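A short write-up of the structure that comes next.
There are 2 protein chains.
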Amino acid sequence: MNGSKFAIGVDFGTESGRAVLVETKTGKEIATSVYSYQNGVIDRRLPVEGDPIALDPEWALQDPEDYIRTFQKTIPEVLMQADIAPEDVIGIGIDFTACTMLPVKNDGTPLCAMAEYRRYPHSWVKLWKHHAAQPEADKINDTARRMGQAWLDRYGGKISSEWFFAKTLQILDEAPEIYHAADRLIEAADWVVWQLTGVEKRNSCTAGYKAMWSKREGYPHEDFFKALDARLENVIDEKLSRTIYPIGEKAGELTAQAAEWTRLSEGTAVAIANVDAHVSVPAATVAEPGRMVMIMGTSICHMVLGEQERRVEGMCGVVEDGIIPGLFGYEAGQSGVGDIFAWFLSNCIPREYSIEAEKRGMSVHQLLESKAALQKPGQHGLLALDWWNGNRSVLVDASLSGLLIGATLGTKPEDIYRALIEATAYGTRVIVEAFEKNGVKVDELVACGGLPEQNKMLMQIYADVTGRNFKISSSKQTPALGSAMFGAVAAGSGAGGYDTIFDAVKQMAGLKKEMYQPIAENQKIYERLFKEYLRLHDYFGRGENNVMKTLKQIRDEVT
Amino acid sequence: MNGSKFAIGVDFGTESGRAVLVETKTGKEIATSVYSYQNGVIDRRLPVEGDPIALDPEWALQDPEDYIRTFQKTIPEVLMQADIAPEDVIGIGIDFTACTMLPVKNDGTPLCAMAEYRRYPHSWVKLWKHHAAQPEADKINDTARRMGQAWLDRYGGKISSEWFFAKTLQILDEAPEIYHAADRLIEAADWVVWQLTGVEKRNSCTAGYKAMWSKREGYPHEDFFKALDARLENVIDEKLSRTIYPIGEKAGELTAQAAEWTRLSEGTAVAIANVDAHVSVPAATVAEPGRMVMIMGTSICHMVLGEQERRVEGMCGVVEDGIIPGLFGYEAGQSGVGDIFAWFLSNCIPREYSIEAEKRGMSVHQLLESKAALQKPGQHGLLALDWWNGNRSVLVDASLSGLLIGATLGTKPEDIYRALIEATAYGTRVIVEAFEKNGVKVDELVACGGLPEQNKMLMQIYADVTGRNFKISSSKQTPALGSAMFGAVAAGSGAGGYDTIFDAVKQMAGLKKEMYQPIAENQKIYERLFKEYLRLHDYFGRGENNVMKTLKQIRDEVT
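Note that the protein sequences, when read in sequence, are chains A and B. Quick note, this note's numbering runs 30 ahead of the 1-based positions in the first sequence. Quick note, this note's numbering runs 30 ahead of the 1-based positions in the second sequence.
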């Protein structure tokens with residue numbers, strides 16, 4: 031590795047942070063280190079001395095000290111593992127869950143780190159999956175609809191309780207003293223870059239996807255914020271910033287203190303912050319329109335690039351410079367995929383199957399796949415709507431629920447398992463068709479995330495159902511790799527990195543050789559089944575029969 | 031028991047025959063004996079010497095010798111158990127599965143007992159669940175519809191492949207030599223009575239429910255049979271009989287040979303034959319309109335009496351004198367109930383539940399009930415259509431299938447279990463409402479069969495969903511008890527029996543003290559849920575969305 035240069039990507043997840051050291055010339059992942067956050071997801075009580083402070087259900091917080099500790103633990107560790115000199119690391123990039131945000135003082139100090147605010151839940155980091163701001167999200171949606179705010183269309187007509195201003199408004203509603211004590215409200219992604227570089231520079235990805243900002247129109251107008259709450263009128267100028275930096279730029283350089291934390295050289299280039307899903311797109315080789323990247327795990331995040339801004343039903347967002355500079359990044363999502371399969375494995379697999387799996391030395395998942403993979407499409411006679419966790423795209427309706435139809439006394443667990451997988455594939459096809467109908471091309475699919483590796487049958491089904499080639503990213507840690515790529519771009523070609531993300535993609539990103547191609551015979555049958563899926567999708571999802579909502583309403587009334 | 035008189039009921043089931051000795055004065059069941067048929071259900075190969083003769087799928091036969099052996103084994107056994115003199119047994123009644131039919135010679139000899147026919151599958155008894163005559167049933171339905179045969183309305187517009195003329199036509203189609211060799215085609219119910227008494231007397235119950243006979247119109251006209259197949263034109267006069275005896279009459283008296291088989295006295299009264307489900311009605315205390323008897327097991331058979339003949343959508347049949355002499359007996363059915371729960375227990379219960387049940391010393395069913403019974407109606411947020419085995423009443427459509435809606439990532443096995451039970455209760459309510467809409471009163475429900483005993487939660491749900499009191503027959507062997515009651519009626523009051531079944535009901539039948547009454551609070555919620563059930567029932571069951579049929583069609587095409 032003489033003469034090699036390296037970049038480090040740091041991926042801040044829900045339970046842990048991960049640093050990956052990558053050779054810039056090849057994209058080879060040389061060393062990895064993971065730090066499990068000391069305080070993890072804080073969802074029961076605050077990690078404070080004295081009387082315990084309990085959190086309401088739906089709350090999910092984090093401790094910003096865990097992010098600093100991630101730098102302190104993982105970066106020295108990958109340097110040591112790789113046995114390289116700090117000066118051979120030319121750049122750092124980071125990616126984060128989003129929207130994960132916190133209130134801080136002008137010097138970057140989190141309120142939760144200050145004795146006077148430490149016992150206020152609202153002074154802590156609100157994690158992406160903090161779901162307690164639904165009333166505020168409802169108010170934002172109602173107000174925006176009433177005022178005919180055009181930006182709402184960029185988010186499929188509805189913003190989520192997970193997003194920036196819902197969380198902001200919850201702080202103001204429930205703890206105005208914290209809101210007022212906060213000089214800045216900031217994405218954790220930008221906050222950690224601030225901690226590394228000493229400068230507050232906000233990224234276009236979280237601003238665009240989570241805070242209603244757009245390159246051409248900026249944030250929503252003051253009138254909108256005023257209508258939401260008079261005290262919010264000037265929130266952008268008071269506590270955010272109108273200067274947003276596109277993905278792919280350099281944020282700054284490591285401060286002396288950050289160099290000490292990380293054992294890297296002071297002055298090392300640091301990239302503008304990014305989001306875990308979005309940074310995976312270039313890591314999966316995609317930097318141009320036409321190929322959709324799917325981050326497949328408990329849910330699926332679908333991302334595709336376009337040259338123009340189009341309205342697409344039910345997408346999560348479209349952001350210029352949001353994924354790749356100079357292009358519009360479209361995001362859509364399926365709110366339940368891997369977690370539906372996990373639910374099925376936990377709740378519906380008979381003892382005999384568990385025993386058989388043990389005897390055959392395989393997991394129950396592998397056993398089910400081995401049985402289900404023997405079937406032809408349509409053979410089990412089942413059809414499902416994959417709405418166990420609601421529907422994000424294209425219906426944007428969390429109150430929908432799962433459906434299984436076609437069961438007989440001969441139905442076996444592997445039949446239902448296969449039907450659930452197929453249902454998620456139909457869900458992806460609905461999204462693909464929504465994009466294409468609105469002029470956003472999807473010629474091919476590229477998968478990354480945990481699911482593709484262990485699910486050959488699933489991959490083939492997705493290829494058959496969508497009628498598209500389905501490829502897999504060669505990296506198993508695409509977010510960290512993508513962050514390292516942006517770190518290499520922040521450093522520039524002169525330092526042994528790259529001048530653009532497009533150059534970095536060519537050298538550092540790759541796909542596995544194996545590819546799943548649609549099988550014509552299967553496609554024909556799935557075509558007919560998809561038609562039936564679509565009919566049920568529209569019947570139960572578009573208001574003709576609201577039984578799913580009625581059932582949840584009755585459930586909520588009686589409990 | 032000095033001075034006591036007794037009647038014996040013999041109940042011919044699918045796998046075994048059962049004799050119960052009953053005290054006529056009290057209905058007390060003194061002794062029981064069960065004989066497992068030596069040749070059981072014959073569905074793979076004929077029990078003959080020499081080269082094996084395999085049966086096609088869907089075939090199900092029995093050996094008439096097993097019926098004789100039932101008399102020989104069980105009746106002497108109950109006499110011995112009870113330690114009573116043969117002359118204190120005043121009458122015998124029998125009930126049988128139906129339509130279970132066989133071809134015999136003029137002297138009653140079954141063709142399958144004759145060397146020359148023994149190797150013909152069509153010479154054996156066709157058991158009720160012989161399902162290989164579907165093409166013949168289709169032909170009968172098509173022909174009847176084309177010819178506008180009014181009798182079709184008495185059977186919900188469709189006759190089953192299990193019934194008498196479908197089986198008859200299959201013999202003629204596939205083995206005309208057997209058809210021609212048969213002097214008589216006869217229900218096994220009537221054949222065993224013939225064996226006991228030496229006289230061929232056919233009963234109104236099987237003739238009415240399974241062979242399209244009615245008291246006022248007799249059998250369908252020769253023109254109909256001729257249209258079906260020219261060779262069938264005179265089937266009634268050639269191989270059946272136009273003289274049909276109402277339930278409740280005496281068929282004859284034990285012959286010397288039958289007395290030897292049974293160790294009873296020659297000349298003991300024998301009742302006209304009956305069907306297991308129908309004979310349970312008086313055994314469950316019902317001999318008047320207004321109370322519906324439900325035989326609850328793998329499926330449910332619903333029976334109610336009326337004073338007039340009405341058309342009711344999707345019923346299995348309405349027969350004058352079919353259950354109680356002088357009244358119209360209405361029969362409806364749900365094709366899947368206990369077998370749906372059994373399917374669920376076999377296929378969908380996770381290992382943890384099996385282990386928990388073992389630890390707590392209960393069955394998995396009991397564990398699920400203990401968990402599900404804690405819930406309020408509507409709490410699980412689920413709704414199901416109970417069509418795992420198709421739908422008999424009121425839709426008469428075997429190609430329908432099961433549906434579950436409302437699943438979330440929080441759905442537990444006990445939630446689905448409770449939803450399945452509720453779905454079968456909604457199914458019963460649809461039947462109750464069809465009866466009432468057409469002027470057949472259903473004020474109260476009476477259960478018998480295997481399910482009610484072990485399912486308190488189920489019983490309460492049925493009461494809540496139907497809004498009716500739900501009682502349980504005190505006998506666990508209602509068919510045999512009912513047959514014994516008819517045996518006592520055949521003997522008459524002079525011999526220590528009764529002159530009418532109405533008198534027998536008063537003395538010999540009873541209900542358990544426990545009763546399930548609708549709970550107003552639950553009813554209110556089930557009212558709302560039933561409305562949603564009904565909407566799905568009609569949407570998927572009445573042709574608006576034929577996805578269930580399409581799924582089965584695709585399944586059949588690919589396999």
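Ideal Cβ placement from N, Cα and C applies to all residues, glycine included. Fair warning: this is a prediction, and the values are worked out from it, not measured in the lab.
Assigned secondary structure, residue i (DSSP; H/G/I helix, E/B strand, else coil)
i: Arg-572 (chain B); result: coil
i: Ile-519 (chain B); result: Sequence check: residue 519 (chain B) is Val here, not Ile. Correct three-state label for Val-519 (chain B): helix.
i: Asn-69 (chain A); result: coil
i: Gly-512 (chain A); result: helix
i: Cys-235 (chain B); result: helix
i: Lys-58 (chain B); result: coil
i: Trp-221 (chain A); result: helix
i: Gly-391 (chain B); result: coil
i: Gly-524 (chain B); result: helix
i: Arg-75 (chain A); result: strand
i: Gly-171 (chain A); result: This sequence places Asn at residue 171 (chain A); Gly is not what is there. Note: Asn-171 (chain A) maps to helix in three-state DSSP.
i: Ile-354 (chain A); result: coil
Per-residue burial, residue i [other beta carbons within 10 Å of its own, 16 or more giving buried]
i: Glu-166 (chain B); result: buried
i: Met-110 (chain B); result: exposed
i: Thr-496 (chain B); result: buried
i: Glu-452 (chain A); result: buried
i: Ile-189 (chain A); result: buried
i: Thr-580 (chain A); result: buried
i: Leu-430 (chain B); result: buried
C-beta atoms of residue i and residue j nearer than 7 Å
i: Ala-288 (chain B); j: Val-223 (chain B); result: no
i: Ser-271 (chain B); j: Arg-232 (chain B); result: yes
i: Pro-94 (chain B); j: Pro-151 (chain B); result: no
i: Asp-18 (chain A); j: Ala-90 (chain A); result: Absent from the structure is residue 18 (chain A), since the part of chain A shown begins at 31 and ends at 589.
i: Ile-201 (chain A); j: Arg-149 (chain A); result: no
i: Gly-39 (chain A); j: Ala-514 (chain A); result: yes
i: Arg-422 (chain A); j: Ser-365 (chain A); result: yes
i: Asp-137 (chain A); j: Arg-341 (chain A); result: no
i: Gly-121 (chain A); j: Gly-517 (chain A); result: yes
i: Pro-443 (chain A); j: Ile-385 (chain A); result: no
i: Ser-46 (chain A); j: Ser-66 (chain A); result: yes
i: Gly-328 (chain A); j: Gly-282 (chain A); result: For the record, residue 328 (chain A) in the displayed sequence is Thr; it is not Gly. No.
i: Ser-332 (chain B); j: Ala-362 (chain B); result: It should be noted that the sequence gives His, not Ser, for residue 332 (chain B). Contact flag set, yes.
i: Phe-255 (chain B); j: Glu-263 (chain B); result: yes
i: Gly-186 (chain A); j: Gly-344 (chain A); result: yes
Whole-angstrom C-beta distance between residue j and residue i, which should lie under 8 Å
i: Ala-301 (chain A); j: Gly-123 (chain A); result: 4 Å
i: Val-424 (chain B); j: Val-460 (chain B); result: 6 Å
i: Gly-70 (chain A); j: Cys-235 (chain A); result: No, Gly-70 (chain A) and Cys-235 (chain A) are not in contact; Cβ-Cβ is about 25 Å, not under 8 Å.
i: Ala-212 (chain B); j: Val-134 (chain B); result: 7 Å
i: Phe-126 (chain A); j: Ala-218 (chain A); result: 5 Å
i: Cys-142 (chain B); j: Trp-158 (chain B); result: In fact, because the Cβ distance is near 17 Å, the residues do not count as touching under 8 Å.
i: Val-305 (chain A); j: Tyr-209 (chain A); result: Their Cβ separation, rounded to whole angstroms, is 25 Å, which puts Val-305 (chain A) and Tyr-209 (chain A) out of contact at 8 Å.
Chain B contact residues for residue i, given Cβ-Cβ distances below 9 Å
i: Ile-435 (chain A); result: Leu-415, Ser-431, Gly-432, Leu-433, Leu-434, Ile-435, Phe-570, Val-577, Met-578 and Leu-581
i: Asn-419 (chain A); result: Thr-438 and Leu-439
i: Leu-566 (chain A); result: Asn-575 and Val-577
Within chain A, the residues that residue i reaches when beta carbons sit closer than 9 Å
i: Lys-406 (chain B); result: Val-588 and Thr-589
Listed by chain order, chain A residues near residue i by CB distance under 8 Å
i: Gly-411 (chain B); result: Ser-431, Leu-581, Lys-582, Ile-584 and Arg-585
i: Gly-366 (chain B); result: Leu-439
i: Ser-190 (chain B); result: Within 8 Å Cβ-Cβ: nothing; Ser-190 (chain B) doesn't reach chain A, min ~18 Å.
i: Lys-442 (chain B); result: Asn-377
i: Glu-12 (chain B); result: The first residue shown for chain B is 31 and the last is 589, placing residue 12 (chain B) beyond what the model contains.
Chain-ordered neighbours of residue i on chain B, where CB pairs are closer than 7 Å
i: Ser-384 (chain A); result: Arg-381
Listed by chain order, chain A residues near residue i by CB distance under 7 Å
i: Ile-555 (chain B); result: Ile-584 and Val-588
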